[in-house]
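Asks: Chains as they are written, first to last, in the numbering used here: chain A, 679 to 929; chain B, 407 to 756. One structure coming up, written as structure tokens, with questions to follow.
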Amino acid sequence: MGDVELAVRCQNLQKRYGDVVAVDGLSFAVRRGECYGLLGPNGAGKTTTIEILEGLLAPDGGDVEVLGRRWASDERELRQRLGVQLQETQFTDKLTVEETLRLFRSFYHRGKTIEQLLALVELESKRHSWVVKLSGGQKQRLSIACALAGDPDLLFLDEPTTGLDPQSRRQLWSVLMRFREAGGTVLITTHYMDEAETLCDRIAIIDHGHVIAEDTPKGLISSLGAPKVVVHEGTLEDVFVSLTGRHLREE
Amino acid sequence: MAAGVRSDTHRPLLELMLARLREFVREPEALFWTFLFPIVMSVAMAIAFPASRGQTVLVGVAPGAESAGLREALAQVNGVVLKEIPSDSQLRALRDGDVHLIVEAGTPPSYRFDPMREESRLARLVVDNALKQAAGRSDPWQAREDLVQIPGSRYVDWLIPGIISLGIMNNSLWSIGFMTVQARMRKLLKRLAASPMRRRDFLLAPILARLVFLGPEVAAPLLFGMIAFGMPIRGGIISIALVTVAGALMFGSLGMLMGSRVRTFEAASGLMNALSVPMWVLSGVFFSASNFPDAIQPLVQGLPLTALVDAMRGVVLEGDSLPSLWRELAVIAAWTILPFAIALKIFRWR
Numbered sequence: 679m680g681d682v683e684l685a686v687r688c689q690n691l692q693k694r695y696g697d698v699v700a701v702d703g704l705s706f707a708v709r710r711g712e713c714y715g716l717l718g719p720n721g722a723g724k725t726t727t728i729e730i731l732e733g734l735l736a737p738d739g740g741d742v743e744v745l746g747r748r749w750a751s752d753e754r755e756l757r758q759r760l761g762v763q764l765q766e767t768q769f770t771d772k773l774t775v776e777e778t779l780r781l782f783r784s785f786y787h788r789g790k791t792i793e794q795l796l797a798l799v800e801l802e803s804k805r806h807s808w809v810v811k812l813s814g815g816q817k818q819r820l821s822i823a824c825a826l827a828g829d830p831d832l833l834f835l836d837e838p839t840t841g842l843d844p845q846s847r848r849q850l851w852s853v854l855m856r857f858r859e860a861g862g863t864v865l866i867t868t869h870y871m872d873e874a875e876t877l878c879d880r881i882a883i884i885d886h887g888h889v890i891a892e893d894t895p896k897g898l899i900s901s902l903g904a905p906k907v908v909v910h911e912g913t914l915e916d917v918f919v920s921l922t923g924r925h926l927r928e929e
Numbered sequence: 407m408a409a410g411v412r413s414d415t416h417r418p419l420l421e422l423m424l425a426r427l428r429e430f431v432r433e434p435e436a437l438f439w440t441f442l443f444p445i446v447m448s449v450a451m452a453i454a455f456p457a458s459r460g461q462t463v464l465v466g467v468a469p470g471a472e473s474a475g476l477r478e479a480l481a482q483v484n485g486v487v488l489k490e491i492p493s494d495s496q497l498r499a500l501r502d503g504d505v506h507l508i509v510e511a512g513t514p515p516s517y518r519f520d521p522m523r524e525e526s527r528l529a530r531l532v533v534d535n536a537l538k539q540a541a542g543r544s545d546p547w548q549a550r551e552d553l554v555q556i557p558g559s560r561y562v563d564w565l566i567p568g569i570i571s572l573g574i575m576n577n578s579l580w581s582i583g584f585m586t587v588q589a590r591m592r593k594l595l596k597r598l599a600a601s602p603m604r605r606r607d608f609l610l611a612p613i614l615a616r617l618v619f620l621g622p623e624v625a626a627p628l629l630f631g632m633i634a635f636g637m638p639i640r641g642g643i644i645s646i647a648l649v650t651v652a653g654a655l656m657f658g659s660l661g662m663l664m665g666s667r668v669r670t671f672e673a674a675s676g677l678m679n680a681l682s683v684p685m686w687v688l689s690g691v692f693f694s695a696s697n698f699p700d701a702i703q704p705l706v707q708g709l710p711l712t713a714l715v716d717a718m719r720g721v722v723l724e725g726d727s728l729p730s731l732w733r734e735l736a737v738i739a740a741w742t743i744l745p746f747a748i749a750l751k752i753f754r755w756r
């Protein structure tokens, strides 16, 4: 049994697709109760990493422990205790919000009631709407509610706010903060600096399949030295540019 | 543990089935085709096998006084429809098939027709016979006719259980195969695989959900056959229902196998056509499978649709008991269990 203080521990993770190396010796650890961010540009290996941690992809090499368990031996138990939101999931168009939640809730031994879930993501007024009628932000909140259906100890989020308008992003952040307040652990990938700064206790900056820096958002920013200009305090974008010579959202 | 929090191990399967059924009934086109297919097929059969027995022949006669006797002699003849055609358009009427035969008055009368046309030769015989009788011919004897029109042994009776089986195959294969591919394209399968859902439940749910609408789907053409054609149903309702359910489970399982790997509708269509089209021909739906050479009979008899068609005809037309159909039922069972096991093994969740 692994370290009970760690929600996620991954060591020297490797994954290649043919000739393309997606993850190249990636290591980090997420403590229980924290929100940990994987920040990096598209193609940095964030999604591959998180899918390995979610037990959806098998790594070519390296070692993964989630909640002190391993996928090979404890998949059944792990699935009950994890919440997962994936990029690009499209729920069934012609099921209602409530029906979709009821379906996902049925997979878990324990968890919240449908009412609690609807309240948590502020979709009470949409409970009888078909999924196809929801806005992008509402769909994403439904996706989070499905991830929270089993009252997970650890929540995996893969670019949860990509493509959302600012108001929808803030709404989603507040859902995640409520989950944190209740003691939940979050591992989130993003390429938005402000999102990482707002939500995360610690951040790993990933490029070309490995971690190039890891610290608190403040620590990363201060590691650049004193803010150069008074009006501009330095952001994670600056950190990224100084580490890689590129902007996060290029490519 | 509070009652509301307790989990029931059957609930995920039930919820998956409900989701499937809701999706189905909220898709008007899917509903339409599922219930339309057997009805369209039945109507097509009604047109192809009209209830009136025998064939009518269309006979053209010139208008006017000199043909009055002819018209009178032919008017009462069974199966003859008389048309008055002026002399100048008679050839054209023959060519277009408006009439099968032209009769010109005279002693003896003369017939104009195309001997290459089946109906025209028939019309000549019928008209010739009627006119000679009218002219006072006495027949040496009248043959006794034994018409083989016994409900249950006509072609249409034989065809209906085949069509029903074909409908079960089509609806199961396509609905389950397409649903699976769609869920894969929408990345919903991946999301479900990340949940604690039992994968077996997901594969089982649409197959079981199919059974809900199976009743009306099979009852409609059976009732149609009974009402429109007087088709006898010799087997018990329970035997027929069990064969129907077995067939739907089998093709559900095969549909799941067809949908287990492919990522596009095109690939799924190709695969399902490759499976089902040969069976339209080989499985004896429209003509007896015994027409095929002995060398390929083991293959023909081992096909899933052949087994279902034979079992269906057995229970509906012969009133066969299920134990006597053990051979067909064994083939059905094998085609249910193996594809399901393989689908579960090779299913692509991404």
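Here a beta-carbon is modelled for each residue, glycine too, at the ideal position from N, C-alpha and C.
Tell me whether the beta-carbon of residue 884 of chain A lies closer than 7 Å to the beta-carbon of residue 718 of chain A.
Replies: The answer is yes: Cβ separation under 7 Å.
Asks: At a cut of 8 Å, does the segment 564 to 571 of chain B reach the segment 709 to 720 of chain B through at least three beta carbon pairs?
Replies: Judged by Cβ distances under 8 Å, the segment 564 to 571 of chain B makes contact with the segment 709 to 720 of chain B, as three or more pairs qualify.
Asks: Could you have a look at residue 742 of chain B and say whether DSSP puts it in helix, strand or coil?
Replies: Residue state, collapsed to three classes: helix.
Asks: Applying a beta-carbon distance threshold of less than 7 Å, which residues of chain A neighbour residue 489 of chain B?
Replies: Here the premise fails: no neighbours, minimum Cβ distance about 57 Å.
Asks: Using only alpha-carbon positions, find the residue among B/552, B/564, B/619 and B/606 that is nearest to residue 581 of chain B.
Replies: Minimum Cα distance to residue 581 of chain B is reached at B/619.
Asks: Can you give the Cα-Cα distance for residue 514 of chain B and residue 552 of chain B, rounded to whole angstroms?
Replies: Between residue 514 of chain B and residue 552 of chain B, the C-alpha separation is close to 33 Å.
Asks: How would you list, in chain order, the residues of chain A whose beta-carbon sits under 7 Å from the beta-carbon of residue 363 of chain B?
Replies: Residue 363 of chain B falls outside the range modelled here, since chain B spans only 407 to 756, and no answer is possible.
Asks: Tell me whether the beta-carbon of residue 603 of chain B lies closer than 7 Å to the beta-carbon of residue 785 of chain A.
Replies: Result yes, Cβ atoms of residue 603 of chain B and residue 785 of chain A sit closer than 7 Å.
Asks: Can residue 615 of chain B and residue 423 of chain B be called in contact, C-beta distance under 7 Å?
Replies: Against a cut-off of 7 Å, the Cβ pair of residue 423 of chain B and residue 615 of chain B comes out as a contact.
Asks: Taking the alpha-carbon positions, what's the residue 753 of chain B to residue 663 of chain B distance?
Replies: If you take the alpha carbons of residue 753 of chain B and residue 663 of chain B, they lie about 8 Å apart.
Asks: Let me know the secondary structure DSSP gives residue 849 of chain A once reduced to three states.
Replies: Residue 849 of chain A falls in the helix class under three-state DSSP.
Asks: Please classify residue 702 of chain B: is it buried, with 16 or more other beta-carbons within 10 angstroms of its beta-carbon, or exposed?
Replies: Residue 702 of chain B is exposed by the Cβ-count criterion.
Asks: Pull the bridge partners of residue 713 of chain A from the DSSP assignment, please.
Replies: For residue 713 of chain A, which the question treats as bridged, DSSP gives the partners A/864.
Asks: Tell me the rounded alpha-carbon separation between residue 750 of chain A and residue 889 of chain A.
Replies: C-alpha separation (whole angstroms): 25 Å.
Asks: Tell me the residue span of the beta strand (DSSP E) that contains residue 750 of chain A.
Replies: Careful: residue 750 of chain A lies outside any beta strand (DSSP E), inside the alpha helix (DSSP H) at 749 to 759.
Asks: Put residue 582 of chain B into one of helix, strand or coil per three-state DSSP.
Replies: Residue 582 of chain B falls in the helix class under three-state DSSP.
Asks: When we look at the beta-carbon of residue 765 of chain B and count the other beta-carbons within 10 Å, is it buried (16 or more) or exposed?
Replies: With chain B covering 407 to 756 only, the question about residue 765 of chain B has no answer from this structure.
Asks: Let me know the alpha helix (DSSP H) ranges lying completely inside the segment 772 to 811 of chain A, each 4 residues or longer, listed in chain order.
Replies: Runs of the alpha helix (DSSP H) inside the segment 772 to 811 of chain A: 775 to 783 and 792 to 798.
Asks: On the criterion of 16 or more Cβ atoms from any shown chain inside 10 Å, does residue 490 of chain B qualify as buried, or is it exposed?
Replies: Looking at its Cβ environment, which holds fewer than 16 other Cβ atoms inside 10 Å, residue 490 of chain B is exposed.
Asks: What are the boundary residues of the beta strand (DSSP E) that residue 835 of chain A is part of?
Replies: Counting along the chain, the beta strand (DSSP E) containing residue 835 of chain A begins and ends at 832 to 836.
Asks: Can you say whether residue 426 of chain B is buried or exposed, counting buried as having 16 or more other CB atoms within 10 angstroms of its CB?
Replies: Per the 10 Å Cβ criterion, buried.
Asks: DSSP beta-bridge partners for residue 466 of chain B?
Replies: B/489 and B/508, per the DSSP bridge assignment.
Asks: Assign residue 472 of chain B to one of two classes, buried (16 or more other C-beta atoms within 10 Å of its C-beta) or exposed (fewer than that).
Replies: Flag for residue 472 of chain B reads exposed.
Asks: Confirm, please, whether the CB-CB distance from residue 822 of chain A to residue 715 of chain A is below 7 Å.
Replies: It is not a contact, given that the beta carbons lie outside the stated cut-off.
Asks: Contact defined as beta carbons within less than 8 Å: I believe residue 812 of chain A pairs with residue 795 of chain A. What is the distance between those atoms, to the nearest angstrom?
Replies: Residue 812 of chain A to residue 795 of chain A, Cβ: 15 Å. No contact.
Asks: If you reduce the DSSP assignment to three classes, tell me which class residue 695 of chain A lands in.
Replies: Three-state result, residue 695 of chain A: strand.
Asks: Given this structure, state the Cα-to-Cα distance separating residue 688 of chain B from residue 724 of chain A, to the nearest angstrom.
Replies: Spanning the two alpha carbons is a distance of roughly 52 Å.
Asks: Determine, using beta carbons only, whether residue 666 of chain B comes closer than 7 Å to chain A.
Replies: So no, residue 666 of chain B is outside the interface.
Asks: Excluding five sequence neighbours on each side, which residues of the same chain lie with their C-beta closer than 6 Å to the C-beta of residue 760 of chain A?
Replies: If we look at residue 760 of chain A and ignore the five residues flanking it on each side, its Cβ neighbours are 830 and 832.
Asks: What does residue 593 of chain B touch in chain A if you count any residue whose Cβ is under 9 Å from its own?
Replies: By Cβ distance, chain A contributes 764, 765, 766, 767 and 768.
Asks: Tell me whether the beta-carbon of residue 574 of chain B lies closer than 7 Å to the beta-carbon of residue 654 of chain B.
Replies: Yes, these two residues count as a Cβ contact at 7 Å.
Asks: Leaving out the 5 sequence neighbours to the left and right, which residues in its chain are closer than 6 Å to residue 711 of chain B when beta-carbon positions are compared?
Replies: Excluding sequence neighbours, residue 711 of chain B sits near 575, 685 and 689.
Asks: Can you check which of these residues, A/757, A/818 and A/755, is closest to residue 764 of chain A by C-alpha distance?
Replies: The shortest C-alpha separation from residue 764 of chain A is found at A/818.
Asks: Whose CA, out of B/548, B/724, B/449 and B/499, lies closest to the CA of residue 468 of chain B?
Replies: Residue B/499 is the option with its Cα nearest to residue 468 of chain B.
Asks: Can you tell me whether DSSP reads residue 566 of chain B as helix, strand or coil?
Replies: Here residue 566 of chain B sits in helix by DSSP.
Asks: Distance check for residue 753 of chain A and residue 628 of chain B, CA to CA, integer angstroms please.
Replies: Going by the C-alpha atoms only, they are around 49 Å apart.
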